[in-house]
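For reference, the structure is listed below as structure tokens.
Chains as they are written, first to last, in our numbering: chain A, 4 to 632; chain B, 330 to 484.
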């Protein structure tokens, strides 16, 4: 593939890629398989093998395209069949034994298998909808109905390992416009007008950040992409890196041009090997096309990137710790000012942004600041990307306009709480965020409203919990994580986190004292005020927000030595309801502590002195004869 | 504890690749660990001697980041995720089952070096919780008994 040497080459490449795509859609059959980490974990690699074998044995031709995560994790593995000129038909929860039937019916006979298919997706304007069977369009599905996919627009749609696929969907047009039609300060001005706020969690105005770095003196300057996504429950960045890596490259090159940097690093956590592999493939392809390297598209601007693998430290998501890590040091944050924009990597001006921010940037350049500012709310324009998981039916990745009420996300997009249980709270902002109860479900999802309500936007993890979760144990869980991840440099965090965990452990063990709540509040205030970085400052957030909304649960643990959610082992007891017990002996056999005794066909008894409250007996009992109090 | 012969010649290739490159401490250690399965003391000393990076800095980095292991690992690395979504969907029960049945403590290695188990905090497949990664293969929606059976099949 000859290099794209100038603006015309780039426009021409777009036309050619589009043409090729149109041709392929018109004349060929395509099979799309969701092969992000989630798809593969659900068995997609095996499914791909089966499909290839089936095609070979039947002598059928079809192009198999691996795509990234389209967002519906609860339906993986996903296989889409697209016949010539027709929309994609999506088959969900695909198992190997379904493949022969799907291939025979749909591919050979052109008949959609209606009991296995659940949606249709047109891939070009004007493509006729499938009407011979009742098959909802994606836009009609509750999961997608409220979504506006901008950062995620290519995920699940294009082949992330093929640059032509990206180019066909307007890839690198923004870069062309930026380098050949705009000056750096025009780009910065556009980013500022768009109002885009950093999607890593702090929500700082991106345009302003780029401007600081642009104005800073010092050379060389650096661009860094923070792909350390360490929040448990967050996988938005992973999906974009795996499913649409070129969007990050494009965003970073534009940023580099705007601030005057010629080198960049993508700091990606090592726990994302597929993302790292796809990034490296994308970078190699971009270099081949001349989109990375010297004199990009004839503009005179040169830029290249490195992928840097993290080594397993949550704190390296903090920008100064991240920079220390690249410099080969322990990931310890440092006081700011000076901010990285002035003095960052190797003390040079450095712009650090999150994956989602770089993914959105090219779209703003391409469609204009006004277009972006018109979506969402005035102070939080654009879209918010969330990884929705936990006790919710439709777990997956969503992108919604800012300002949408929290309840709509959970109950309409998310399909509510499964198994007939009740919604209790939703956790946002990861382990350094907060939880919001039912009374807050009307809160619009935007930076300021969430903060006012007592939670944070964070990077985008959104975890739903139901009445079977104990808020005290949940807070303890987050403290376990945050205190383990403390870098140890400053005392408020190092000691404060440890002490908070000790107190929470005491409370969940049934040894809580009346002064404990006051103590939690005092330590939290001190950590907030004096920790060196956001990790220490926000470690108390989960416990403080759960105290604010679920104080009665803490009091029950402390004063009544009871766990209302029946989770904390030290505070619950299991017993057999004699009238319901059939004496089948299954629980006695499965009890790991040997605490259950009883004769065949006689009511069993649990010895509370030996019982460890693991709950296995209740799980295996088929007669609902075991209760926990 | 067994002692092992460490072939230090293989290190030279790695060090040559990163010679003179900025920001190479962590990548060198990562490549070294891929080579030996962990970071042997002899390897760290050799790296320090050949690159001029103080051993104290290497040890400081090696002990800070969770990825680095300074002792020999088991043949099969089991990483059980206890991220938020996995946690609320029963990750702890899986950990306990593995500890009990395979005699490998969380954060440790079995005495026959067959298994090592680590608790990790989110590998990003929350939609399929609870999740575990064994030797880079991802297992989704795992259950204690079934998962232990799958692990018992590993050599």
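Ideal placement from N, C-alpha and C gives every residue a C-beta, glycine not left out.
- Here the alpha carbons of residue 478/B and residue 621/A stand approximately 22 Å from one another.
- Assignment of residue 357/A by DSSP, reduced to helix, strand and coil, places it in the strand class.
- Here residue 267/A is near residue 226/A, since their CB atoms are less than 7 Å apart.
- Listed in chain order, the non-local C-beta contacts of residue 372/B below 7 Å within the same chain comprise 335, 337, 340, 361, 365, local neighbours out to five positions each way being set aside.
- In the three-state DSSP reduction, residue 464/A falls in the strand class (E or B).
- In the three-state DSSP reduction, residue 593/A falls in the helix class (H, G or I).
- Beta bridge pairing from DSSP links residue 225/A with 266/A, 353/A.
- Of all residues in the segment 339-355 of chain B, only 351, 352, 353, 354, 355 come within less than 8 Å of chain A when Cβ atoms are compared, listed by chain position.
- In the DSSP assignment, no residue is bridged to residue 386/B.
- Interface with chain B (7 Å Cβ-Cβ cutoff): residue 152/A is excluded.
- Closest in alpha carbon position to residue 565/A, among 585/A, 379/A, 474/A, 496/A, is 474/A.
- Close CB contacts of residue 402/B within its chain, under the 7 Å cut and outside five residues either way in sequence, are with 366, 367, 438, 445 (chain order).
- Per DSSP, residue 34/A lies in no alpha helix (DSSP H) segment; the continuous beta strand (DSSP E) that holds it begins and ends at 33-37.
- The shortest C-alpha to C-alpha distance from residue 568/A to any of 431/A, 426/A, 64/A is the one to 426/A.
- Cβ contact annotation for residue 379/B (same chain, cutoff 6 Å, sequence separation greater than five): 344, in chain order.
- In chain order, 394, 395, 396 make up the part of chain B whose C-beta sits under 7 Å from the C-beta of residue 315/A.
- With a threshold of 7 Å between beta carbons, residue 480/A makes contact with chain B.
- Interface residue (Cβ-Cβ distance to chain A less than 7 Å): residue 414/B is classified as such.
- Straight across, the Cα-Cα distance linking residue 409/B with residue 232/A is about 18 Å.
- Neighbourhood of residue 333/A in chain B, by CB distance below 7 Å: 389, 390, 393, in chain order.
- Taking a beta-carbon distance threshold of 7 Å, residue 322/A does not count as an interface residue toward chain B.
- For residue 570/A, the closest of 478/A, 330/A, 264/A by C-alpha to C-alpha distance is 478/A.
- When secondary structure is reduced to three states using DSSP, residue 257/A falls in the helix class.
- Within 8 Å of the CB of residue 394/A, the CB atoms of chain B belong to 417, in sequence order along the chain.
- In this chain, the beta strand (DSSP E) harbouring residue 629/A covers 629-631.
- By the CB criterion at 7 Å, residue 81/A and residue 110/A fall outside the cutoff.
- Using a C-beta cut-off of 8 Å, the segment 449-468 of chain A makes no contact with the segment 521-536 of chain A, since fewer than three inter-stretch Cβ pairs fall below that distance.
- Residue 465/B: not part of any alpha helix (DSSP H); DSSP gives it neither H nor E.
- Residues of chain B with a Cβ closer than 9 Å to the Cβ of residue 77/A are, in chain order, 456, 457.
- Between residue 245/A and residue 386/A the beta-carbon gap is near 19 Å, outside 8 Å, which marks them as no contact.
- Distance from residue 435/A to residue 417/A at the Cβ level is roughly 23 Å; contact not present, criterion being Cβ atoms closer than 8 Å.
- When secondary structure is reduced to three states using DSSP, residue 157/A falls in the coil class, being assigned neither helix nor strand.
- Chain-ordered, the chain B residues with CB closer than 7 Å to the CB of residue 328/A read 355.
- At least 7 Å separates the CB of residue 53/A from every CB of chain B.
- When Cβ pairs closer than 8 Å are counted between the two stretches, the segment 529-536 of chain A is seen to touch the segment 496-504 of chain A, the count reaching three or more.
- Residue 366/A counts as buried, since at least 16 other C-beta atoms from the protein chains shown sit within 10 angstroms of its C-beta.
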